[in-house]
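Worksheet: one structure, shown below.
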Amino acid sequence: MKIFSGTANKDLAQKIADALHIPLSPLEIYVFPDEEKRVRVIDKIIDEDCVVVQSTSTPADQNYMELFFIVDAIKRSGAKSVTAVVPYLGYQRQDHIFRDGEAVSLEVIIETLEAVGVNRLITLDLHSIKIPELFHIPVTHFSALPVFAQEIKRAKWNDDNTFLVSPDMGGIRRIKKLSEMLSDMPFAAIEKDRDLITGKITKMEISVLPKNKDGKAKKRALIVDDMISSGNTVVPACELLIKKGIGEIFVFATHAVFSLNAPELLEKSLAKKVFVTDTINIPKEKRFEKLKVLSVADMIAKEIR
Ligand code: R5P
Numbered sequence: 012m013k014i015f016s017g018t019a020n021k022d023l024a025q026k027i028a029d030a031l032h033i034p035l036s037p038l039e040i041y042v043f044p045d046e047e048k049r050v051r052v053i054d055k056i057i058d059e060d061c062v063v064v065q066s067t068s069t070p071a072d073q074n075y076m077e078l079f080f081i082v083d084a085i086k087r088s089g090a091k092s093v094t095a096v097v098p099y100l101g102y103q104r105q106d107h108i109f110r111d112g113e114a115v116s117l118e119v120i121i122e123t124l125e126a127v128g129v130n131r132l133i134t135l136d137l138h139s140i141k142i143p144e145l146f147h148i149p150v151t152h153f154s155a156l157p158v159f160a161q162e163i164k165r166a167k168w169n170d171d172n173t174f175l176v177s178p179d180m181g182g183i184r185r186i187k188k189l190s191e192m193l194s195d196m197p198f199a200a201i202e203k204d205r206d207l208i209t210g211k212i213t214k215m216e217i218s219v220l221p222k223n224k225d226g227k228a229k230k231r232a233l234i235v236d237d238m239i240s241s242g243n244t245v246v247p248a249c250e251l252l253i254k255k256g257i258g259e260i261f262v263f264a265t266h267a268v269f270s271l272n273a274p275e276l277l278e279k280s281l282a283k284k285v286f287v288t289d290t291i292n293i294p295k296e297k298r299f300e301k302l303k304v305l306s307v308a309d310m311i312a313k314e315i316r
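Now the structure itself:
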């Protein structure tokens, strides 16, 4: 087996390769002055099963193009198969038509991935569990929740004073799964409405808060989401919970999309700590004090194996 990395998340690719005890195979990725890219496979890979690791986070378009070129170069070099490990699948939130006249961007991405010759996709915490059905190739879709459960146990937050919160109704399935991993930790969900044009949150409410064994309100909330992009979901969710009398809040999100000034908003937020994974590379300038990054490299290596 050969493992290659695009430029989007080399640290994660290296960790996966280390976990598999395979060196990363070299790729020549040359950027022309006009920013077009030329990709070339250096090693002989005839009849090899190849794996390409590339997160398609910001800049999603460039990272996707690079992935397409890498897969094409591998196929043309005689590889037997190509597995694309796309820890964060860009455009996943555009998986259907929200308003008449819109493109279904995710379908275009899927068609292109299949057209260039990807034989299998491995990805994590997709926004919707229905996304794998849109593919015609096998998709391994797994979750970072076990990593979060481990961290919650390590911090000894699996007690009677703690509950899980989904910041929107779409996250209920996720929160139920995590609850099961934590011996049925109680959970609650926030009702959230978003303006489809501006993306702004128009409503955030929570009606029922779980109580502890003595009938008193639980004091620690763990917000769990698939991703943090602008921060406009988790930051007001923290404010709402504090208003409801919750004493401390910790945020867990798989994908650190961190667009615009999200890092600043998160650092200033009422959350005590923000846990994310390394599905997306977080550059130095986007790291902040409250941030803790947990690795999913071992989980991905296991899936590849
Ligand atoms: C929404 O349905 C998702 O689960 C996330 O809550 C959302 O995409 C996060 O985006 P933002 O940080 O921009 O609110």
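Everything in the sequence shown is counted per our numbering, starting at 12 for the first residue and increasing by one.
Even glycine gets a Cβ: it sits at the ideal position worked out from N, Cα and C.
*If you draw a straight line from the alpha carbon of Ile56 to that of Lys229, how long is it in whole angstroms?*
57 angstroms
*Between the Cα of Val93 and the Cα atoms of Thr69, Val127, Asp111, Thr123, which residue gives the shortest distance?*
Val127
*Where Asp322 falls, given that 16 or more other Cβ within 10 Å makes a residue buried*: Only positions 12 to 316 of the chain appear in this structure, which leaves residue 322 out of reach.
*asked:* Using C-beta distances below 8 angstroms, list every residue in its chain close to Phe174, excluding the 5 sequence neighbours before and after it, in chain order.
replied: Met196, Pro197, Phe198, Ala199, Leu220, Pro221, Lys229, Arg231, Ala232, Leu233
*How long is the line joining the alpha carbons of Val129 and Ile315, rounded to whole angstroms?*
14 angstroms
*Using DSSP bridges, identify the partner residues of Arg49.*
Tyr41
_Straight-line Cα distance separating Gln25 from Lys224_ = 46 angstroms
*With burial defined as no fewer than 16 other Cβ atoms inside 10 Å of the residue's Cβ, what is the status of Ala267: buried or exposed?*
So Ala267 ends up on the buried side.
*In whole angstroms, what separates the C-alpha of Lys164 from that of Leu193?*
8 angstroms
*Under 6 angstroms from any heavy atom of the ligand R5P, does the C-beta of Lys236 make it?*
In the sequence on display, residue 236 carries Asp and not Lys. Yes, the Cβ of Asp236 comes within 6 angstroms of a heavy atom of the ligand R5P.
*State the DSSP-derived secondary structure class of Glu144, mapped to helix, strand or coil.*
helix
*What are the start and end residues of each continuous beta strand (DSSP E) run of 3 or more residues lying completely inside the segment 190-217, in chain order?*
If we require 3 residues or more, the beta strand (DSSP E) runs fully inside the segment 190-217 come out as 198-200, 202-205, 212-216.
*On the premise that Gly17 lies in contact with Ile81, defined as a C-beta separation below 8 angstroms, what is that separation, rounded to the nearest angstrom?*
6 angstroms
*Are there 16 or more other CB atoms within 10 angstroms of the CB of Val42, so buried, or fewer, so exposed?*
exposed
_Closer than 8 angstroms is the cut-off here; do at least three beta carbon pairs connect the segment 249-259 with the segment 149-159?_
no
*Could you check where the alpha helix (DSSP H) with Phe174 kicks off and where it finishes?*
Per DSSP, Phe174 belongs to no alpha helix (DSSP H); it is in the beta strand (DSSP E), 173-177.
*Starting from the C-beta of Ala308, find all residues in its chain whose C-beta is less than 8 angstroms away, skip the five residues before and the five after it, and write them out in chain order.*
Counting only Cβ-Cβ distances below 8 angstroms, and skipping sequence neighbours, we find Leu23, Lys26, Ile27, Asp29, Ala30, Asp289.
*For Leu78, which residues from the same chain have a beta carbon less than 7 angstroms from its beta carbon, with the 5 sequence-adjacent residues on both sides left out?*
Same-chain partners within the cutoff: Gly17, Val63, Gln65, Thr67, Ala95.
*asked:* Quick check: what's the CA-CA separation for Leu145 versus Ser116?
replied: 12 angstroms
*Going by DSSP, what residues sit across from Val235 in a beta bridge?*
Phe263
*Identify whether Val96 lies in helix, strand or coil by the three-state DSSP scheme.*
Here Val96 carries a strand assignment [DSSP, helix/strand/coil].
*How far does the beta strand (DSSP E) with Asp72 in it reach, from first residue to last?*
Per DSSP, Asp72 belongs to no beta strand (DSSP E); it is in the alpha helix (DSSP H), 71-87.
*Is Asp225 helix, strand or coil by DSSP?*
coil
*Which residues bound the alpha helix (DSSP H) around Ile121?*
116-127
*Going by DSSP, what residues sit across from Ser16 in a beta bridge?*
Val64
*Cβ-heavy atom distance, Ile57 to the ligand R5P, below 6 angstroms*: no
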